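Notes follow the structure.
In the working numbering, the protein residues as written are 23 to 481.
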């Protein structure tokens, strides 16, 4: 009763957001307070670019019964450290309030690594290191790409900005490529380049934006390039190569291949549905299929069905791919009627009717199936008494002058690339019983005396 009352009083969670865009100056604090309603108290989770937000020294999440607060504290300063190649010691260069710093006194020709840490009232962050070392040269310097990360993730429909800081003297030219081809600017995809930054802006990201982007900087001193990987998270594409592997009167077997596009993440499961063509309602067979095949049982013989399959990932379900309509039936047909029915012999008290075998005994299959005859699980060998005849449309087994040992289970198996089907027939040969004794009667019996004879019948 308590659970029922609690369920009746349940209120769907709701976020009371008046606006969803917050603007803050670089280095300043950001505090977002969002009232929350719901009964019982809902579980609250913050995400950024589809990834769960984790608390750090700068980022704090405070959740109460009716309020959730995201607090990103202001950065008070930055600490820049450097390391000479070949030396494992990091040396502090300076502390700066601005997100840039001029470092002097470096030796020409040396190769340096740099890293930056942010500081606020809660402490010092983990350092971020440049992906590539810096080599000191003359005022004329080959381009250097100052990219902190080369992987960008975005949810489908959201905007994505890729900023690539660089430097070089003289001013380098910038060329962008996608998957090895020159990047074409459109109404959705734009490139903006300044003296120190090149930026790609992608509006309403979709699966067509997935790929490897390459930015190349060139001046009179040299050339450098960097690869950038873009993932767009969305629901997957539909499964491919849906095949009906086997069909019978009460079941069907389906198989398929994974989607060509997974949606940027792993396929979690497949959804299989069916419907009777006399109805427009699709019924779920299973929504948790882990493999790329399924056997669907409990079909009604003679009913026409259609089946469809969709793929799912964490971002949604794909479109369905459907089979052609099929009728649940055995993979063989009724035989054709006998041929040449005629009276062969007639008398006053009897008549003999004869006919020829039909053109087809109902065995079907494409391509033509391979035929196997077995008796009690073993292949049947043809002899003078046993004859097997097989054509494109029928097969027959003829056993002449049957004896008792011909009794048993006969199995007919048809097999081709579309599948295998078997049928079992039990054959019993009727014969008069045998009688024998345990030993030969060699004893002499006198006339007029009693004798006991015991016979055993072989069934």
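Don't be surprised by glycine CBs; every beta carbon is placed ideally from N, CA and C. Here the structure is a predicted model, which means the values were calculated and not measured.
Check	Outcome
Apart from the five residues just before and just after residue 320, which ones in its own chain have a Cβ nearer than 8 Å to its Cβ?	272 and 273
Which value, in whole angstroms, describes the spacing of the CA atoms of residue 73 and residue 186?	22 Å
Do residue 241 and residue 280 come within 8 Å of each other at the CB atom, strictly closer than that value?	no
Taking a contact to mean a Cβ-Cβ separation below 8 Å, would you say residue 210 touches residue 287 in this structure?	no
Let me check understanding here. Comparing Cα to Cα, which of 223, 35, 98 and 70 lies closest to residue 143?	98
In angstroms with no decimal places, state the Cα-to-Cα distance between residue 362 and residue 450.	30 Å
Keeping to the same chain, check which residues put their C-beta closer than 6 Å to that of residue 341; ignore five residues upstream and five downstream.	260
Following the continuous beta strand (DSSP E) through residue 125, name the residue where it begins and the one where it ends.	It is not in any beta strand (DSSP E) - residue 125 carries neither H nor E in the DSSP assignment.
Enumerate in chain order the residues of its own chain whose CB-to-CB distance from residue 46 is below 7 Å, with the five nearest sequence positions on each side excluded.	52
Report buried or exposed for residue 200, applying the criterion of at least 16 other Cβ atoms within 10 angstroms of its Cβ.	buried
Answer with yes or no whether the minimum CB distance from residue 147 to chain C is below 8 Å.	The chain labelled as chain C is not found in the depicted structure, where only one protein chain is given.
Quick check: the segment 230-248 against the segment 160-172, are there 3 or more CB pairs under 8 Å?	yes
Take residue 305 as the anchor and find which of 257, 329 and 405 has the nearest alpha-carbon.	329
Give me the Cα-Cα distance between residue 62 and residue 219, rounded to the nearest whole angstrom.	49 Å
Can you give the Cα-Cα distance for residue 121 and residue 138, rounded to whole angstroms?	10 Å
When burial is assigned at 16 or more other CB atoms within 10 Å of the CB, is residue 257 buried or exposed?	buried
Evaluate residue 226 with the Cβ neighbour count: other Cβ atoms within 10 Å of its Cβ, from every protein chain shown; 16 or more gives buried, anything less gives exposed.	exposed
What number of angstroms, rounded off, separates the C-alpha of residue 291 from the C-alpha of residue 180?	25 Å
Would you call the segment 393-408 and the segment 429-445 touching, i.e. three or more CB-CB distances under 8 Å?	yes
Are there 16 or more other CB atoms within 10 angstroms of the CB of residue 156, so buried, or fewer, so exposed?	buried
Just to check my reading of the structure: residue 296 and residue 307 have Cβ atoms closer than 8 Å, yes? What is that Cβ distance to the nearest angstrom?	5 Å
Since residue 353 contacts residue 269 with CB under 8 Å, what's their CB separation in whole angstroms?	6 Å
Taking C-beta to C-beta, are residue 235 and residue 252 nearer than 8 Å?	yes
Report the option in 412, 91 and 149 whose CA atom is closest to the CA atom of residue 103.	149
With DSSP run on the structure shown, which of helix, strand or coil describes residue 240?	strand
Here's a check: name, in chain order, each residue in its chain whose Cβ is nearer than 8 Å to the Cβ of residue 215, leaving out the five neighbours to either side.	196 and 221
When DSSP labels each residue in this structure, what does residue 422 get in the three-state scheme?	coil
Less than 8 Å between the beta carbons of residue 343 and residue 331, yes or no?	yes
Taking residue 40 as the reference, give the member of 127, 48, 31 and 58 with the closest Cα.	58
Determine the extent of the beta strand (DSSP E) in which residue 62 is found, giving its start and end residues.	First-last for residue 62: undefined, no H or E at that position.
Nearest to residue 134 by alpha carbon, out of 146, 118 and 159?	159
May I ask you to report which of helix, strand or coil DSSP gives residue 71?	coil
Can you give me the start and stop residues for the beta strand (DSSP E) that residue 99 sits inside?	99-106
Would DSSP call residue 230 helix, strand or coil?	helix
Do you know offhand how far residue 378's Cα is from residue 359's?	10 Å
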